[in-house]
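Number of protein chains: 2
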Amino acid sequence: MMFKKVLIAEDHESANISVQKTLADLGIPPADYVFYCDDALTRIQKALKNDDPYDLLITDLSFEEDHQQQKISAGTELIKAAKNMQSDLKTIVFSAENKQVVIAALFKELGINGYVRKARNDAKELKKAIDCVYKNKTYTSVDLRQAIKDKNSYELTDYDITIISLLSKGIIQKEIPIYLQKNNIKPSGLSSVEKRFNLMREVLEFSNNEQLIAYCKDMGII
Amino acid sequence: MMFKKVLIAEDHESANISVQKTLADLGIPPADYVFYCDDALTRIQKALKNDDPYDLLITDLSFEEDHQQQKISAGTELIKAAKNMQSDLKTIVFSAENKQVVIAALFKELGINGYVRKARNDAKELKKAIDCVYKNKTYTSVDLRQAIKDKNSYELTDYDITIISLLSKGIIQKEIPIYLQKNNIKPSGLSSVEKRFNLMREVLEFSNNEQLIAYCKDMGII
DNA sequence: GCTTTCCTTACGGGAAACCGTAAGCCGATA
DNA sequence: TATCGGCTTACGGTTTCCCGTAAGGAAAGC
Numbered sequence: 001m002m003f004k005k006v007l008i009a010e011d012h013e014s015a016n017i018s019v020q021k022t023l024a025d026l027g028i029p030p031a032d033y034v035f036y037c038d039d040a041l042t043r044i045q046k047a048l049k050n051d052d053p054y055d056l057l058i059t060d061l062s063f064e065e066d067h068q069q070q071k072i073s074a075g076t077e078l079i080k081a082a083k084n085m086q087s088d089l090k091t092i093v094f095s096a097e098n099k100q101v102v103i104a105a106l107f108k109e110l111g112i113n114g115y116v117r118k119a120r121n122d123a124k125e126l127k128k129a130i131d132c133v134y135k136n137k138t139y140t141s142v143d144l145r146q147a148i149k150d151k152n153s154y155e156l157t158d159y160d161i162t163i164i165s166l167l168s169k170g171i172i173q174k175e176i177p178i179y180l181q182k183n184n185i186k187p188s189g190l191s192s193v194e195k196r197f198n199l200m201r202e203v204l205e206f207s208n209n210e211q212l213i214a215y216c217k218d219m220g221i222i
Numbered sequence: 001m002m003f004k005k006v007l008i009a010e011d012h013e014s015a016n017i018s019v020q021k022t023l024a025d026l027g028i029p030p031a032d033y034v035f036y037c038d039d040a041l042t043r044i045q046k047a048l049k050n051d052d053p054y055d056l057l058i059t060d061l062s063f064e065e066d067h068q069q070q071k072i073s074a075g076t077e078l079i080k081a082a083k084n085m086q087s088d089l090k091t092i093v094f095s096a097e098n099k100q101v102v103i104a105a106l107f108k109e110l111g112i113n114g115y116v117r118k119a120r121n122d123a124k125e126l127k128k129a130i131d132c133v134y135k136n137k138t139y140t141s142v143d144l145r146q147a148i149k150d151k152n153s154y155e156l157t158d159y160d161i162t163i164i165s166l167l168s169k170g171i172i173q174k175e176i177p178i179y180l181q182k183n184n185i186k187p188s189g190l191s192s193v194e195k196r197f198n199l200m201r202e203v204l205e206f207s208n209n210e211q212l213i214a215y216c217k218d219m220g221i222i
């Protein structure tokens, strides 16, 4: 009738507690919970060995580093490793991440089944998400759905992101060609770089590169 | 023996739930909880009127805006207003903020009694904090790290942040003086603006303004 | 009163960025 | 092969930015 064996990976104790409670509210048996990605992966592996695999993984994205050395320190890596181990594992990400690009990538590149943002009604959202995912649908929090739709924006190419990154790291524009040539990225001419920035500013209706950098930071592009 | 009447102000439902549970673990009667600052203030006022004031306020710092128009939209303002209404109200802040300067200001300027950062052992920390505050001591979670913070001992002034903001919004440098004059911000001369940017780049060892913008975005300054 | 000092601003030369034009390169097609 | 079209680059002129210098201007001190 519902998920039976759930694993929670979340470093914040308080968040971990409330996810446990949310699962309990749904009548799901007490879930296993861990505070480190490495532990999560170990659990998944053990469960597979014992022929009693997890039905669902609920994980955060950012895990804070502390004295405990960990191999895996990010939710994305955990998901990747977990799916690699058990490809049919359902996954819901429960995170404060708010950047559409990043979240879209989770669905597209990692094949997650649901995303719930830590926000006002996150507990209710999480319940809905679990329900949806159980029914083999994907779920995205309501406050994000619109944002993704709104994103009719111009799509930056890898090349664009590369040169924007260089600029944001302090490489001045006229020296960008040097770095492009070193990495065999073409076009590498200064003129091409200039034109590319010009096009980006024009399309996004920005008046300077600083605004472009700010935009990319907000969108999680860089 | 312990706090009797506690109010929780926290917009994230999940965080709210876990604070409630933490209080329950301590044998504190079910606390009132609200998701908006305005509601919190109303509750405090009503409790005072009924001669049954709150013993403790546990509040977040950042509250997300939504469709509901609110007068108070930040934890700091809530605390200020609450203390103004009931000066002996004990206050514990429960937030993800980890900039020491900001937290120090909470103790110094708002007279809060405890600070617990949303982090790995936050539920345990919160229990300790409640215990400490009940015994009329103040509490700060040991956890506060300032790894990146310490490196930039140089603090950006309000003026700095203003002109950086303008730049990131697409105002080109030579037009910044116009905006400064309109808002009666001095110095407003282009030369002063230039010098200020120059100083910031020098101190932070940046080579262009794009890098400065990226830095400020990462730090949450803008 | 008059310095002294600090802050602000104006100015100017040089560097970088901006932007249009035109030339060069290369693959595709007839 | 020759021609075309698209992409890349080189080259200038203009604007903006960068940065040192020096001139104003206000407050503090003698």
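For the record, the sequence lines run as chains A and B. The working numbering puts the first residue of the first sequence at 1, with every later residue one more than the last. The working numbering puts the first residue of the second sequence at 1, with every later residue one more than the last. All C-beta atoms, glycine included, are put in the ideal place defined by N, C-alpha and C.
Through-space distance from residue j to residue i, alpha-carbon basis
| i | j | result |
| --- | --- | --- |
| Arg196(B) | Leu61(B) | 31 Å |
| Ala15(B) | Ala82(B) | 21 Å |
| Ile185(B) | Leu167(A) | 30 Å |
| Leu71(B) | Met2(A) | Contrary to the premise, residue 71(B) reads as Lys rather than Leu in this sequence. Distance between the alpha carbons of Lys71(B) and Met2(A): 42 Å. |
| Asp150(B) | Gly220(B) | Residue confidence is low: Asp150(B) scores 42 on pLDDT, short of 50, so the model does not pin down where it sits. No coordinate-derived value is stated. |
| Lys118(B) | Phe94(B) | 7 Å |
| Ile58(B) | Lys127(B) | 12 Å |
| Glu65(B) | Ser191(B) | 38 Å |
| Tyr36(A) | Lys46(B) | 44 Å |
| Asn121(A) | Val193(B) | 44 Å |
| Val116(B) | Ala104(B) | 12 Å |
| Ile130(A) | Lys108(A) | 19 Å |
| Lys5(A) | Glu202(B) | 55 Å |
| Val34(B) | Ile17(B) | 11 Å |
| Ala96(B) | Ile28(A) | 29 Å |
| Phe63(A) | Val142(B) | 18 Å |
| His21(A) | Lys21(B) | A small correction: the amino acid at residue 21(A) is Lys; His does not occupy that position in the sequence shown. Each residue's alpha carbon lies about 9 Å from the other. |
| Gln86(B) | Gln86(A) | 56 Å |
| Asn84(B) | Thr138(B) | 20 Å |
| Glu13(B) | Ala123(A) | 6 Å |
| Ser153(B) | Asp55(A) | Note that Ser153(B) scores a pLDDT of 49, beneath 50, so its modelled location is shaky; the value from the coordinates is reported in the next line. If you take the alpha carbons of Ser153(B) and Asp55(A), they lie about 48 Å apart. |
| Arg43(B) | Thr76(B) | 17 Å |
| Phe206(B) | Thr140(B) | 34 Å |
| Leu204(A) | Ile176(A) | 22 Å |
| Leu48(A) | Leu26(A) | 25 Å |
| Asn50(A) | Asp160(B) | 60 Å |
Local Cβ density within 10 Å of residue i, reported as buried at 16 or more and exposed below that
| i | result |
| --- | --- |
| Leu234(A) | The displayed coordinates of chain A run from 1 to 222. Any statement about residue 234(A) would go beyond what the structure contains. |
| His90(A) | The sequence shown places Lys at residue 90(A), rather than the His named in the question. With 16 or more other Cβ atoms within 10 Å, it is buried. |
| Glu125(A) | buried |
| Asn9(B) | In the sequence as displayed, the identity of residue 9(B) is Ala instead of Asn. Ala9(B) should be labelled buried. |
| Leu7(B) | buried |
| His67(A) | exposed |
| Gln240(B) | With chain B running from 1 to 222 in the structure shown, residue 240(B) is simply not present. |
| Thr157(A) | exposed |
| Val19(A) | buried |
| Val133(B) | buried |
| Gly113(B) | One detail in the question is off: residue 113(B) reads as Asn in this sequence, not Gly. With 16 or more other Cβ atoms within 10 Å, it is buried. |
| Gln100(A) | buried |
Residues near residue i by beta carbon distance below 7 Å, same chain, minus five either side
| i | result |
| --- | --- |
| Cys216(B) | Ile164 and Ile222 |
| Ile171(B) | Tyr179 |
| Thr162(A) | Ile185 |
| Leu23(A) | Val6 and Ala31 |
| Lys264(A) | Because chain A spans 1 through 222 in this model, residue 264(A) falls outside it and cannot be assessed. |
| Asn98(A) | Arg117 |
| Asn209(A) | Leu167 and Phe197 |
| Ala147(B) | In this prediction, Ala147(B) has a pLDDT of 38, which is less than 50 and means its spatial position is unreliable; nothing more can be read from the coordinates. |
Close beta carbons around residue i, own chain, < 6 Å, minus the five adjacent residues each side
| i | result |
| --- | --- |
| Gln181(A) | Ser188 |
| Ile79(A) | Thr91 and Leu110 |
| Ala74(A) | none |
| Ile213(B) | Ser168 |
| Val102(A) | Gly220 |
Neighbouring residues, chain A, relative to residue i (Cβ below 7 Å)
| i | result |
| --- | --- |
| Gly170(B) | Phe206, Ser207, Asn208 and Gln211 |
| Ala123(B) | Glu13, Ser14 and Ile17 |
| Phe3(B) | The contacting residues do not exist; Phe3(B) stays about 18 Å from chain A at best. |
| Asp66(B) | Arg120 |
| Lys21(B) | Ile17 and Lys21 |
Check: residue i C-beta below 6 Å from any heavy atom of the ligand MG
| i | result |
| --- | --- |
| Leu180(B) | This structure simply doesn't include the ligand MG, nor any ligand for that matter. |
Within chain A, partners of residue i - CB distance below 8 Å
| i | result |
| --- | --- |
| Phe35(B) | Arg120 |
| Lys182(B) | Those do not exist, as Lys182(B) stays about 18 Å from chain A at its closest Cβ, beyond 8 Å. |
Residues that residue i contacts on chain B, provided the C-beta gap is smaller than 8 Å
| i | result |
| --- | --- |
| Ala214(A) | Ser168, Lys169, Ile213, Lys217 and Ile222 |
Same chain, Cβ closer than 8 Å to residue i, five either side skipped, listed in chain order
| i | result |
| --- | --- |
| Ser218(A) | The question names Ser, yet the displayed sequence has Asp at residue 218(A). Lys99, listed in sequence order. |
For the segment 139-207 of chain B, which segments carrying the alpha helix (DSSP H) assignment without a break, of at least 4 residues, lie completely within its bounds, in sequence order?
-> For the segment 139-207 of chain B, the full-length alpha helix (DSSP H) segments reaching 4 residues or more read 147-151, 158-168, 176-182 and 190-204 along the chain.
Can you list the beta strand (DSSP E) stretches of 3 or more residues lying completely in the segment 56-124 of chain A, in chain order?
-> The DSSP assignment places complete beta strand (DSSP E) segments of no fewer than 3 residues inside the segment 56-124 of chain A at 56-59, 90-95 and 114-117, in order along the chain.
May I have a chain-ordered list of the alpha helix (DSSP H) segments no shorter than 4 residues that lie completely inside the segment 16-49 of chain A?
-> Runs of the alpha helix (DSSP H) spanning 4 or more residues and lying entirely within the segment 16-49 of chain A occur at 37-49, in chain order.
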